[in-house]
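Report on the following structure.
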Amino acid sequence: MKTLACGAMSALAIAFASSAFAQAPSAGNLEKLSAFKTTGTPLEIPEIPQTGSKAEAIKKTLSRVKMPNGFKISLYAIVPDARHMAVGPTTGVVFVGTRKSKVWAVTDRDKDRVADEVKEFAPSLAMKIPNGVCFSRDGFLYVAEQNRVLVFPAAEFFYESPDVAAFEVVKQGELIPVGEESYNHTARVCRIGADGKLYITLGQPLNVFAPEKMDLYKKTGIGGIVRMTNEGKEREVFAWGVRNSVGMDFNPRDRTLWFTDNQVDGMGDDIPPGEINRADKPGLDFGFPYYGGGKTRTNEYKTAQAPANVVFPQVETVAHAADLGMTFYNGRMFPQRYRGGIFSAQHGSWNRTTPVGARVMFTSLKEDGTADKSEVFAEGWMTENGEYLGRPVDVAQLPDGSILVSDDFAGAIYRISYEGR
Amino acid sequence: MSRRVNLLKSMRRTPRGTNCSARRHVLQISLFCAALLFPPIDAAVAGNAAAGKTKAVKCQACHGLDGISKLPEAPHIAGQPEPYIIKSLRAYRQGTRKDEMMSLVAKQLNNEDIEDIAAYYSAIEFSVKVPQ
């Protein structure tokens with residue numbers, strides 16, 4: 073059974089590989105698309121199968137997931153390598169980033185709240201770690217890759233064809249210095265602020281970087297969050313002292329920027345804590361590399377003088393649980409107590425003796441806009457033996473007030489709805 | 203692997219006539235010779251795949267419990283040759299091979315862990331289908 077499942081997965085993976093092989097995007101396609109010209113990419117975009125043994129296996133896993141009374145979880149879509157999500161403001165089409173080379177478009181055409189089609193978005197373009205996806209309120213889709221940022225105006229309408237209007241916001245090699253490109257911590261997350269600016273998280277590529285890197289990283293915003301106009305101008309470092317943030321969202325109520333941060337590895341099973349932070353203004357220092365998580369000092373900088381004005385996290389989460397994507401809940405479907413709070417995903421630990429995480433958390437806020445309490449909202453993706461059945465990455469809200477949870481381990485998106493009334 | 207174990211057993215049985223022969227500690231010395239002959243593998247201690255499956259909880263987040271990569275930066279290790287897994291893990295532990303994640307993980311493993319994990323992952327069967 074195990075071997076069968078394994079074989080099916082590899083066959084599936086190879087099927088994707090061969091389809092990519094058949095239509096390798098040409099390097100000149102971005103120029104053509106920027107000029108509204110066609111690229112000659114075949115018009116039919118292959119669909120990812122949504123039924124079969126894989127779907128049944130995922131549904132079985134979901135039957136184990138526990139949530140507060142009245143909530144229901146179901147399989148929304150099978151999406152290989154599903155990472156961060158952006159929901160189209162008018163159609164509800166979900167664009168899903170990956171840490172590989174594709175962005176997926178997930179469409180629920182008949183609005184039965186289960187996706188009908190999962191296709192590659194903009195298959196005529198070659199992308200590298202297109203993890204970060206975000207929409208402006210007027211429907212521009214931004215895709216933050218490892219070292220480039222693209223914008224797709226009216227992505228929700230152009231995406232049905234392989235040729236999509238596309239423009240460079242940040243040219244290849246200009247988001248970070250090329251010498252700093254790493255496979256580690258280079259999955260970006262983006263958001264558009266109320267100021268109309270584009271905010272991008274830039275994880276620093278190491279566990280704890282060496283002092284020689286300090287000046288370069290401070291200047292470029294590596295180990296922080298940068299912001300720029302929607303044309304990529306006026307770039308500045310918005311927040312610094314962040315180790316590797318892979319999740320952020322603005323609180324629509326007071327416009328503060330909240331973000332998760334993954335903390336230092338190798339210090340022990342129970343330290344340092346993970347973080348959920350709040351930036352209520354630009355220029356704040358969140359303490360890394362002097363602090364490795366919460367108020368735990370890193371071994372590498374133990375004797376160094378830490379900055380006096382470090383901002384400590386609003387929430388300290390369990391060590392190594394890997395808090396990733398987060399979203400403020402503004403829907404009307406869930407009970408009142410969830411409105412205005414934060415749903416966030418814990419990917420789950422990779423180096424803790426006893427694994428922890430693989431769940432969805434909820435954090436409520438106080439009247440003054442600071443964090444109140446964090447609690448487990450949905451769990452069950454880990455067996456009693458510590459085996460992962462799934463690893464949640466991001467949480468996004470659908471227009472009907474239900475939430476989606478992406479999972480890059482199972483390669484799926486789940487939908488959580490409230491049916492308690 | 204099993205052939206090498208047999209070879210070592212036969213060496214152990216006929217220690218006389220080799221440089222390693224000695225009246226005392228024949229077993230220990232022949233094992234020492236074996237270690238010199240086959241440095242990457244403790245052939246006398248075969249890994250336990252069942253124990254390795256439990257220990258692979260430390261590996262699953264990236265390599266999967268099925269040995270199929272779950273992260274773009276991690277390789278598939280299902281069916282990987284056992285000696286290669288042992289060699290790689292030891293190199294990460296010694297620091298002769300470096301990686302942000304593997305260097306941390308390998309430090310937590312003792313020799314038995316490494317052998318058990320290698321026995322488990324190398325025992326996974328897989329099939330491939332090449333693009334036409």
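First to last, the sequence lines map onto chains A and B.
For what it's worth, this note's numbering labels the leading residue of the first sequence as 73, then goes sequentially.
For what it's worth, this note's numbering labels the leading residue of the second sequence as 203, then goes sequentially.
For each residue, glycine too, the CB sits at the ideal point set by N, CA and C.
Rounded straight-line distance, which links the Cα of residue j to that of residue i
{"i": "residue 496 of chain A", "j": "residue 320 of chain B", "result": "The structure shown has nothing for residue 496 of chain A, since chain A only spans 73 to 493."}
{"i": "residue 370 of chain A", "j": "residue 280 of chain A", "result": "8 Å"}
{"i": "residue 351 of chain A", "j": "residue 252 of chain B", "result": "48 Å"}
{"i": "residue 367 of chain A", "j": "residue 397 of chain A", "result": "23 Å"}
{"i": "residue 455 of chain A", "j": "residue 265 of chain B", "result": "17 Å"}
{"i": "residue 303 of chain B", "j": "residue 337 of chain A", "result": "8 Å"}
{"i": "residue 137 of chain A", "j": "residue 335 of chain A", "result": "27 Å"}
{"i": "residue 327 of chain A", "j": "residue 321 of chain A", "result": "9 Å"}
{"i": "residue 143 of chain A", "j": "residue 249 of chain B", "result": "45 Å"}
{"i": "residue 405 of chain A", "j": "residue 174 of chain A", "result": "32 Å"}
{"i": "residue 331 of chain A", "j": "residue 134 of chain A", "result": "27 Å"}
{"i": "residue 475 of chain A", "j": "residue 145 of chain A", "result": "10 Å"}
{"i": "residue 124 of chain A", "j": "residue 187 of chain A", "result": "15 Å"}
{"i": "residue 112 of chain A", "j": "residue 273 of chain A", "result": "34 Å"}
{"i": "residue 268 of chain B", "j": "residue 380 of chain A", "result": "48 Å"}
Closest Cα partner of residue i within the set the options
{"i": "residue 203 of chain A", "options": "A:176, A:189, A:211 and A:380", "result": "A:176"}
{"i": "residue 310 of chain B", "options": "A:246, A:294 and A:426", "result": "A:426"}
{"i": "residue 358 of chain A", "options": "A:375, A:325, A:340 and A:317", "result": "A:317"}
{"i": "residue 196 of chain A", "options": "A:471, A:441, A:455 and A:115", "result": "A:115"}
{"i": "residue 339 of chain A", "options": "A:364, A:482 and A:417", "result": "A:364"}
{"i": "residue 461 of chain A", "options": "A:479, A:446, A:449 and A:471", "result": "A:479"}
{"i": "residue 212 of chain A", "options": "A:200, A:231, A:408 and A:201", "result": "A:231"}
{"i": "residue 465 of chain A", "options": "A:284, A:158, A:120 and A:122", "result": "A:158"}
{"i": "residue 353 of chain A", "options": "A:445, A:305 and A:310", "result": "A:310"}
{"i": "residue 389 of chain A", "options": "A:342, A:399 and A:373", "result": "A:342"}
{"i": "residue 317 of chain B", "options": "B:259, B:284, B:328 and B:332", "result": "B:284"}
{"i": "residue 308 of chain A", "options": "A:181, A:321 and A:292", "result": "A:292"}
{"i": "residue 399 of chain A", "options": "A:405, A:391 and A:417", "result": "A:417"}
{"i": "residue 259 of chain B", "options": "B:281, B:288 and B:315", "result": "B:315"}
{"i": "residue 234 of chain A", "options": "A:181, A:97, A:148 and A:302", "result": "A:97"}
{"i": "residue 200 of chain A", "options": "A:302, A:244 and A:127", "result": "A:244"}
{"i": "residue 253 of chain A", "options": "A:276, A:269, A:242 and A:267", "result": "A:276"}
{"i": "residue 333 of chain A", "options": "A:198, A:306, A:386 and A:132", "result": "A:386"}
9 Å Cβ cutoff, residue i in contact with chain A
{"i": "residue 284 of chain B", "result": "no"}
{"i": "residue 277 of chain B", "result": "no"}
{"i": "residue 291 of chain B", "result": "no"}
{"i": "residue 267 of chain B", "result": "yes"}
{"i": "residue 300 of chain B", "result": "no"}
{"i": "residue 246 of chain B", "result": "In this prediction, residue 246 of chain B scores a pLDDT of 44, lower than 50, which makes its location untrustworthy; the coordinate-derived value is nonetheless stated afterwards. Judged by the 9 Å Cβ criterion, residue 246 of chain B is not in contact with chain A."}
{"i": "residue 251 of chain B", "result": "no"}
{"i": "residue 262 of chain B", "result": "yes"}
Chain B within 9 Å of residue i, Cβ atoms only
{"i": "residue 452 of chain A", "result": "no"}
{"i": "residue 255 of chain A", "result": "yes"}
{"i": "residue 294 of chain A", "result": "no"}
{"i": "residue 153 of chain A", "result": "yes"}
{"i": "residue 201 of chain A", "result": "yes"}
Residue j beta carbon less than 9 Å from that of residue i
{"i": "residue 247 of chain A", "j": "residue 221 of chain A", "result": "yes"}
{"i": "residue 261 of chain A", "j": "residue 156 of chain A", "result": "yes"}
{"i": "residue 166 of chain A", "j": "residue 482 of chain A", "result": "no"}
{"i": "residue 271 of chain A", "j": "residue 313 of chain A", "result": "no"}
{"i": "residue 392 of chain A", "j": "residue 423 of chain A", "result": "yes"}
Fill in: Proximal residues, the segment 323 to 346 of chain A versus chain B, C-beta separation under 8 Å
337 and 338
Worksheet item: Which of the residues in the segment 458 to 489 of chain A, read from start to end, lie with their CB under 9 Å from any CB of chain B?
Response: 458, 459, 460, 463, 480 and 481
Worksheet item: Taking Cβ-Cβ distances below 9 Å as the criterion, which residues of the segment 410 to 427 of chain A are in contact with chain B?
Response: 419, 420, 421, 422, 423, 424, 425, 426 and 427
Worksheet entry | Contacting positions in the segment 265 to 284 of chain A - beta carbon closer than 7 Å to chain B | 278 and 279
Item to complete: Pull out every residue of the segment 164 to 198 of chain A whose Cβ sits closer than 7 Å to any Cβ of chain B, in chain order.
Response: 171 and 172
Worksheet entry | Residues from the segment 297 to 309 of chain A in contact with chain B, defined by Cβ distance under 9 Å | none
Worksheet entry | Contacting positions in the segment 304 to 331 of chain B - beta carbon closer than 8 Å to chain A | 306, 307, 309, 310, 326, 327, 328, 329, 330 and 331
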